[in-house]
Structures are given as structure tokens and as C-alpha cells.
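Written out below as C-alpha cells is the structure these notes cover.
Number of protein chains: 2
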Amino acid sequence: MAHVHEVPADLTRNQGLVLGALNRSSGPLSAYDILDRLREDGLRAPLQVYRALDKLVERGLAHRLESLNAFVACADEHCHRKGLIAFAICEGCGKVDEFADAVIEERLGNWAGAKGFKVERTTMEIRGKCAECLKLAA
Amino acid sequence: MAHVHEVPADLTRNQGLVLGALNRSSGPLSAYDILDRLREDGLRAPLQVYRALDKLVERGLAHRLESLNAFVACADEHCHRKGLIAFAICEGCGKVDEFADAVIEERLGNWAGAKGFKVERTTMEIRGKCAECLKLAA
DNA sequence: TTTCAATACGTTATAGCATAACACTGCCGC
DNA sequence: GCGGCAGTGTTATGCTATAACGTATTGAAA
Numbered sequence: 001m002a003h004v005h006e007v008p009a010d011l012t013r014n015q016g017l018v019l020g021a022l023n024r025s026s027g028p029l030s031a032y033d034i035l036d037r038l039r040e041d042g043l044r045a046p047l048q049v050y051r052a053l054d055k056l057v058e059r060g061l062a063h064r065l066e067s068l069n070a071f072v073a074c075a076d077e078h079c080h081r082k083g084l085i086a087f088a089i090c091e092g093c094g095k096v097d098e099f100a101d102a103v104i105e106e107r108l109g110n111w112a113g114a115k116g117f118k119v120e121r122t123t124m125e126i127r128g129k130c131a132e133c134l135k136l137a138a
Numbered sequence: 001m002a003h004v005h006e007v008p009a010d011l012t013r014n015q016g017l018v019l020g021a022l023n024r025s026s027g028p029l030s031a032y033d034i035l036d037r038l039r040e041d042g043l044r045a046p047l048q049v050y051r052a053l054d055k056l057v058e059r060g061l062a063h064r065l066e067s068l069n070a071f072v073a074c075a076d077e078h079c080h081r082k083g084l085i086a087f088a089i090c091e092g093c094g095k096v097d098e099f100a101d102a103v104i105e106e107r108l109g110n111w112a113g114a115k116g117f118k119v120e121r122t123t124m125e126i127r128g129k130c131a132e133c134l135k136l137a138a
């Protein structure tokens, strides 16, 4: 658990629980992982989790990792990120690093402009091994 | 169906069938879509399709679209692409455009180098609307 | 040529991810 | 009050992916 967000006050109970579970986790969680961790808090069905996740992702408090079918809490301290976010996912320890790159965003914008393609959402995920895991393996 | 590959001669029967189905399709297909289209050719179980897809993706003849849980035939005429490939997926018509960008690849490489992260695989998928669908909607 | 390893194939069963459909609740504005 | 909206709870279901087993084919080494 690296950084933990201030949890916004206007979240509903379920949204707060789900975000809490994500914040307490050191890595990505699937919706069913989250459900398992929140059974004692009264959650019973996947849909309760998915609905909360939808809202959290919509507000940028959580991100979906498409290549894992899993979710992470947003790691940006101030949640100010508007544009493209890239994720580096370590296959060793499962940790996820989140970063933004204006140049990449610009290149994509150029490509889209040239093609007349209207970008709505971009997912960018790097799979590999983090420095720490590489050190351990050596 | 835009461009169709020369199908390599050393594919197995199932691999050839699956690649054929992908080539005949104008858009991405899920493994189960493929299975449905190949039942008359004797395929019966998802695993037969997944196994073929694994090999095709490994050889670069097909790509997996993580954000769709679906697959497309490689659209590069000569299958020479080594590095990062980006996909632009139209939410309107479902068509997928495939492109590469050396600058993006370089930026990612820089980030990874600085972090000591060893990149194994990158997925980059843009969702939005293609020029044609935008025109229709106007 | 026998034997071994590697690769592909076929099948059943099961695990894991996600949503449809319906009913109910609580809040807020009019 | 009442009408709309967002959130909730529940059951059932559908889609995506793999485990675990056994068989078949091939090709090279002994």
C-alpha cells in the first residue's frame, strides 16, 4: 500500500467500501476479489461491486486494467489527471505503476487528427518486470 | 474485409481455420464468435479455438484486443512489425485500425529505462469513433 | 526401427468475469 | 404529496478462459 487517498465524503456506502478495499491492497483486485474482502461488510453480489466500480472509474478514483480484468485505486495524489494514463504492471509482484506522458498523448492526438478519428478513451498497459523483481531474480 | 494475408502453409488445420475466420471478418471476433463460425468445419470446444489463437498471436498473425476480449487478424501486409502496435477501435462500426509509432515506443522505452522496468509486452488501444461513423452521425 | 519427446488434437468439466431484469428505498425539487 | 433519480439488494444468466485428462502424429536420436 503506497499512497492512500483521502476518500471523498460524498461517496455512497458501497462506493466507499470498494474504494477502501482498493486502497488497502498492494496490487490490482478483480471485482470478485473485492467482493470476497467485503462480505463481512455486508456485500453479497458481484453487481454491488461492479456498480460501485463504475462510479469510481467514472470519477477517476479508480482505474480498470483491461489486460488483467482488474482494478486499482488511482495513485495520483491529487487526482488531477485528465488525459491519458499509462500503467506498468509487474508480472512478478503484481504491483502497478501509473504514469502520464504528454508526448505520447500528443502523438496519439496527431494520429487521430490525421485519420479523423475521435478519441474517447485510451488504455495503455505495459507488462513486464519491475526493477525490484529483476534484482531478486538475478 | 480489408486486406487478407497470404496464409502461411505451415499452419495446422485448426490454426488455419481460425485465421481464416478472422480474415473473413470485417471486425474483431471473440473466441466464441470464432467457434460459432467454425462449427461446420468440425470445431466443437472453446479450447480448440483458444489454442489456435495462442499460436497465431505468438507468431504475430493475429492480435488480441484486451479491451474487447476479442481478436483480429494482423493487418500489416508483411507482418514485419516487431514493436509496439496501437489499435484504434471504432465504437460505431467496430472496425479496428492498426498502427505503429516509433516516438511512442521510444518514450515508453525511456520511461522503462529510467525506472529499471523490463518491458515484455505493451497493449495500447484507443476507443472512439472513426471518421466514417462521425460523418454518418452528423 | 524402436523409442522418446514434442506438439497438436479432442472432450468434459469447471473457474472467473460481467450483466440483465426486477423490485424496493431514500432523497430532493416542485 | 408526488415524481424523478440515483443507489441498493437479489436472483438468474451469459460470456470468457482454463484445468485436467487422454489420444494422435511427427520427427529425431539411439
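In the order they appear, the protein sequences are chains C and R.
Under the numbering used here, think of the first position of the first sequence as 1, with each following residue one higher.
Under the numbering used here, think of the first position of the second sequence as 1, with each following residue one higher.
Note that CB positions come from ideal geometry on N, CA and C, so glycine has one too.
Please check if any C-beta of chain C sits within less than 7 Å of the C-beta of residue i.
| i | result |
| --- | --- |
| lysine 95/R | no |
| serine 67/R | yes |
| glycine 16/R | no |
| valine 7/R | no |
For residue i, is the beta carbon positioned less than 6 Å from some heavy atom of the ligand GTP?
| i | result |
| --- | --- |
| glycine 92/C | Inclusion of the ligand GTP in the displayed structure is not the case, the ligand content being empty and no account of it being possible. |
Starting from residue i, find everything on chain C with Cβ-Cβ shorter than 7 Å and list it in chain order.
| i | result |
| --- | --- |
| isoleucine 85/R | Per Cβ cutoff of 7 Å: no residues; isoleucine 85/R is ~12 Å from chain C at best. |
| isoleucine 104/R | Ile104, Arg107 |
Interface residues of chain R around residue i at Cβ under 8 Å?
| i | result |
| --- | --- |
| valine 76/C | According to the sequence as given, residue 76/C is aspartate; it is not valine. Residues of chain R passing the Cβ test: none, with the nearest at roughly 16 Å. |
Less than 7 Å between the C-beta atoms of residue i and residue j, yes or no?
| i | j | result |
| --- | --- | --- |
| arginine 127/C | arginine 121/R | yes |
| glycine 94/R | glycine 27/R | yes |
| alanine 73/C | leucine 22/C | yes |
| proline 46/C | leucine 35/C | yes |
| serine 25/C | threonine 123/R | no |
| valine 103/R | alanine 112/R | no |
| lysine 129/R | glycine 92/R | yes |
By the criterion of Cβ-Cβ separation under 9 Å, what are the contact partners of residue i in chain C?
| i | result |
| --- | --- |
| phenylalanine 117/R | Ala88, Cys90, Asp97, Ile126, Gly128, Lys129, Cys130, Ala131, Leu134 |
| glutamate 120/R | Glu91, Ile126, Arg127, Gly128, Lys129 |
| threonine 123/R | Glu66, Ser67, Thr123, Met124, Glu125, Ile126, Arg127 |
Enumerate in chain order the residues of its own chain whose CB-to-CB distance from residue i is below 6 Å, with the five nearest sequence positions on each side excluded.
| i | result |
| --- | --- |
| aspartate 97/R | Ala88 |
| glutamine 48/C | Asn14 |
| lysine 55/C | Gln15 |
For residue i, which residues in chain R fall below 7 Å Cβ to Cβ?
| i | result |
| --- | --- |
| leucine 108/C | Ile126 |
Hey, out of the options, whose CA is closest to residue i's CA?
| i | options | result |
| --- | --- | --- |
| leucine 38/R | Glu125/R, Val18/R, Lys118/R | Val18/R |
| phenylalanine 101/R | Leu84/R, Ala137/R, Ala52/R, Leu134/R | With the sequence shown as reference, residue 101/R is identified as aspartate, and phenylalanine is not the correct amino acid for it. The candidate whose alpha carbon is nearest that of aspartate 101/R is Leu84/R. |
| alanine 114/C | Val103/R, Ala131/R, Leu56/R | Ala131/R |
| leucine 61/R | Cys133/R, Gly16/R, Gln48/R, Asp33/R | Gly16/R |
| glutamate 125/C | Cys133/R, Val7/R, Glu105/R, Leu56/R | Glu105/R |
| leucine 11/R | Gly116/R, Leu65/R, Ala75/R, Glu58/R | Glu58/R |
| leucine 29/C | Leu65/C, Arg44/C, Ala138/C | Leu65/C |
| cysteine 90/C | Leu56/C, Ala75/C, Phe117/C, Cys133/C | Cys133/C |
Quick one: does residue i have its CB under 7 Å from some CB of chain R?
| i | result |
| --- | --- |
| arginine 64/C | no |
| aspartate 54/C | no |
| aspartate 33/C | no |
| aspartate 36/C | no |
| aspartate 101/C | yes |
Determine the chain R residues that contact residue i at a beta-carbon separation under 9 Å, and present them in chain order.
| i | result |
| --- | --- |
| aspartate 41/C | Near aspartate 41/C there are no residues of chain R at all, since even the closest Cβ is about 30 Å away, more than 9 Å. |
Please go through the same chain and pick out, in chain order, the residues whose beta-carbon is closer than 8 Å to the beta-carbon of residue i, but skip the five residues on each side of it.
| i | result |
| --- | --- |
| alanine 86/R | Glu98, Phe99, Ala100, Asp101, Ile104, Met124, Glu125, Ile126 |
| tyrosine 50/C | Ala31 |
| methionine 1/C | No answer about methionine 1/C holds up, because its pLDDT of 41 lies below 50 and its placement is not dependable. |
| alanine 9/C | none |
| valine 7/C | Gly16, Leu19, Gly20, Asn23 |
| alanine 137/R | Gly92, Lys129 |
| aspartate 41/R | Leu17 |
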